[in-house]
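**Student:** In terms of UniProt numbering, the sequence shown has 200 at position 200, counting the first letter as 1, and numbering is strictly consecutive.
Even for Gly, the Cβ is constructed at its ideal location relative to N, Cα and C.
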Amino acid sequence: MSTDPSSVPSTPGGPVSPVSAGSPGIPVSPVSASSPGAPEAVAPSRSGRGASLRAHLQPHPPTPPAPSGSRAGRNLKLAIPTAVILLALVALSVTFRIEIFVILVAIALCIAIWEVAGAFLNRGIRIAVIPLMAGVAAMVAATWWGGLLAGFGAYIATALVHGLWIAGRELIAARRSRGRAPNSGGSAASSPLSASDAKTPARSGRDAGAGAFAAAWIGLLGTFAVALAGTEAAAAHIAVLILMPVANDTGGWAAGVLFGKHPLAPKISPKKSWEGFAGSIILALVFAFPLMGLWLGHPWWVCVLIAVVAVVCCTGGDLAESMLKRELGVKDMGSIFPGHGGMLDRLDSILMWAPFCYLIVAWAGGIL
1 MSTDPSSVPS TPGGPVSPVS AGSPGIPVSP VSASSPGAPE AVAPSRSGRG ASLRAHLQPH
61 PPTPPAPSGS RAGRNLKLAI PTAVILLALV ALSVTFRIEI FVILVAIALC IAIWEVAGAF
121 LNRGIRIAVI PLMAGVAAMV AATWWGGLLA GFGAYIATAL VHGLWIAGRE LIAARRSRGR
181 APNSGGSAAS SPLSASDAKT PARSGRDAGA GAFAAAWIGL LGTFAVALAG TEAAAAHIAV
241 LILMPVANDT GGWAAGVLFG KHPLAPKISP KKSWEGFAGS IILALVFAFP LMGLWLGHPW
301 WVCVLIAVVA VVCCTGGDLA ESMLKRELGV KDMGSIFPGH GGMLDRLDSI LMWAPFCYLI
361 VAWAGGIL
């Protein structure tokens, strides 16, 4: 079930250029707010500049990138330099000041919230970006200064505030609709924001639930990366967190391109194969022994455990995001990283891996 994001109406709130009836070759017919396929009507602003600003500040449905000529679906000339720059940025932040890494985590998670908000628009789901981004930043700060329990408390507060924000948005829309309809000649359809445009409780609940899901998937799972940054061996633990997904992606891609014949989940991600999964396990073991064995001094079986769990989690995260993207009708969540897609396309496996990484290294290191 896939739709072309480019065919989705533009984000509500963007500026609309009026088309005159005399324009050559363009038949004009009146479109009411209840017409099928009509975009959601928005009250006109007092200033065209203000309307344009609001349009730029709202997330937009992602545009699918041009098809790649690579068999694995990646533009390697762009993907490899981008990956090197990102890894170098993380390494520098951990080396010089761990707080910089925490700030980078907060920024990355906020960008991911923005991307998922734009993707949700493809299905008419409008989550409130401002409270979610503020809540994610609060989760990161609470975890850094108060631990995972404080971060979870910040998540609960974020979900509640987001739900209230959505409810308030619905009430304001309904009041504006009722207040403006009588001034438009008694026609509700000619009102800038008619009663048919006000969100129903079911849609409001769907939006609130989608926001709570996004805050948990992106913000709550992301707090485990912050918790790892607060451990005594933070540099080593962050290396395990970041490099195991790199091993999973690289090993799976190489083995899949060279030997892939048996699909792993053809209905979800046709390019993933069991041969690629085996390649991910092998390269993850190659990474795990120096990281967990030589650097942190853990026995061999801990290295094997963390390699296998990492590959299962990272593959599961990739498949989960692929399912979501299929439901939302998008190829990538964004295009911020050349050759990789959006921020969330890079974080999907790390987010799923982060809580298990924390549990394993904390247990193996005697923290738990």
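#1: Mapping the DSSP letters down to three states, classify Leu-264 as helix, strand or coil.
#2: Could you give the residue range of the alpha helix (DSSP H) that holds Pro-270?
#3: So, is the C-beta of Ser-273 closer than 8 Å to a C-beta in chain B?
#4: Here's a check: name, in chain order, each residue in its chain whose Cβ is nearer than 8 Å to the Cβ of Val-136, leaving out the five neighbours to either side.
#5: Does DSSP put Gly-341 in a helix, in a strand, or in coil?
#6: In this structure, does DSSP put Arg-178 in helix, strand or coil?
#7: Distance, Cα to Cα, Lys-267 vs Arg-346?
#8: Can you give me the start and stop residues for the alpha helix (DSSP H) that Ile-85 sits inside?
#9: Compare the C-alpha of Met-139 against each of Ile-125, Gly-260, Tyr-155, Val-129 and name the closest.
#10: Near Phe-224, which residues of its chain fall below 6 Å by C-beta distance, leaving aside the five closest residues on each side in sequence?
#11: What span of residues does the alpha helix (DSSP H) with Ala-255 cover, start to end?
#12: At which residue ranges does the segment 117-155 contain complete alpha helix (DSSP H) runs of 4 or more residues, listed in the order of the chain?
#13: I need the DSSP call for Lys-331, collapsed to helix, strand or coil.
#14: Taking 8 Å as the cut-off, decide whether the C-beta atoms of Glu-170 and Ser-204 are in contact.
#15: Residue range of the alpha helix (DSSP H) that Gly-365 falls in?
#16: In the DSSP assignment, find the unbroken alpha helix (DSSP H) run with Phe-289 in it and report its ends.
#17: Tell me whether Pro-201 is buried or exposed, calling it buried when 16 or more other Cβ atoms sit within 10 Å of its Cβ.
#18: What's the C-alpha gap between Ser-194 and Ala-134?
#19: Quick one: is Gly-146 buried, meaning 16 or more other Cβ sit within 10 Å of its Cβ, or exposed?
#20: Near Leu-324, which residues of its chain fall below 7 Å by C-beta distance, leaving aside the five closest residues on each side in sequence?
#21: Return the CA-CA distance between Leu-344 and Ala-320, expressed in angstroms with no decimal places.
#22: Of all the options Ala-91, Ser-322, Val-84, Ile-127, which has the alpha carbon lying nearest to the alpha carbon of Gly-209?
#23: Just to confirm the assignment, what range does the alpha helix (DSSP H) spanning residue 369 have?
#24: Measure the alpha-carbon distance for Ala-288 versus Ile-350 and round it to whole angstroms.
#25: So, with DSSP's three-state summary, where would you put Ile-306?
#26: Within a Cβ cutoff of 7 Å, which residues of the same chain sit near Gly-316, ignoring the five residues on either side of it in sequence?
#27: Is the segment 304-314 touching the segment 280-287, taking contact as three or more C-beta pairs under 8 Å?
#28: Taking Ala-254 as the reference, give the member of His-262, Ser-269, Ala-278, Leu-164 with the closest Cα.
#29: Once the 5 residues before and after Val-129 are set aside, which same chain residues still bring their CB inside 7 Å of it?
#30: Tell me which residue opens and which closes the alpha helix (DSSP H) that Thr-231 is part of.
#31: Please classify Val-84: is it buried, with 16 or more other beta-carbons within 10 angstroms of its beta-carbon, or exposed?
#32: So for Ile-336, helix, strand or coil by DSSP?
#33: Using a threshold of 8 Å, state whether the C-beta atoms of Asn-248 and Ser-273 are closer than that.
#34: When we look at the beta-carbon of Thr-95 and count the other beta-carbons within 10 Å, is it buried (16 or more) or exposed?
#35: Report the option in Ile-172, Ala-229, Gly-329, Ile-360 whose CA atom is closest to the CA atom of Gly-124.
**Tutor:** In brief:
#1: strand
#2: Element bounds for Pro-270: not the alpha helix (DSSP H) but the beta strand (DSSP E), 269-273.
#3: Among the protein chains of the structure shown there is no chain B, as only one such chain exists.
#4: Ala-106, Leu-109, Cys-110, Ile-113, Thr-158, Ala-215, Ile-218, Gly-219, Gly-222
#5: strand
#6: helix
#7: 21 Å
#8: 76-96
#9: Tyr-155
#10: Ala-354, Pro-355, Tyr-358
#11: 234-259
#12: 129-146
#13: coil
#14: yes
#15: Neither: Gly-365 is in no alpha helix (DSSP H) and is coded neither H nor E.
#16: Here Phe-289 belongs to no alpha helix (DSSP H), and DSSP marks it neither H nor E.
#17: exposed
#18: For Ser-194, the predicted structure reports a pLDDT of 46, less than 50, and the residue's modelled location is therefore unreliable. The matter cannot be settled from this model.
#19: exposed
#20: none
#21: 12 Å
#22: Ile-127
#23: Residue 369 is absent from the structure shown; the chain starts at 1 and stops at 368.
#24: 16 Å
#25: helix
#26: Met-352
#27: yes
#28: Ala-278
#29: Pro-59, Ile-113, Trp-114, Ala-117
#30: No alpha helix (DSSP H) contains Thr-231, which DSSP labels as neither H nor E.
#31: exposed
#32: coil
#33: no
#34: exposed
#35: Gly-329
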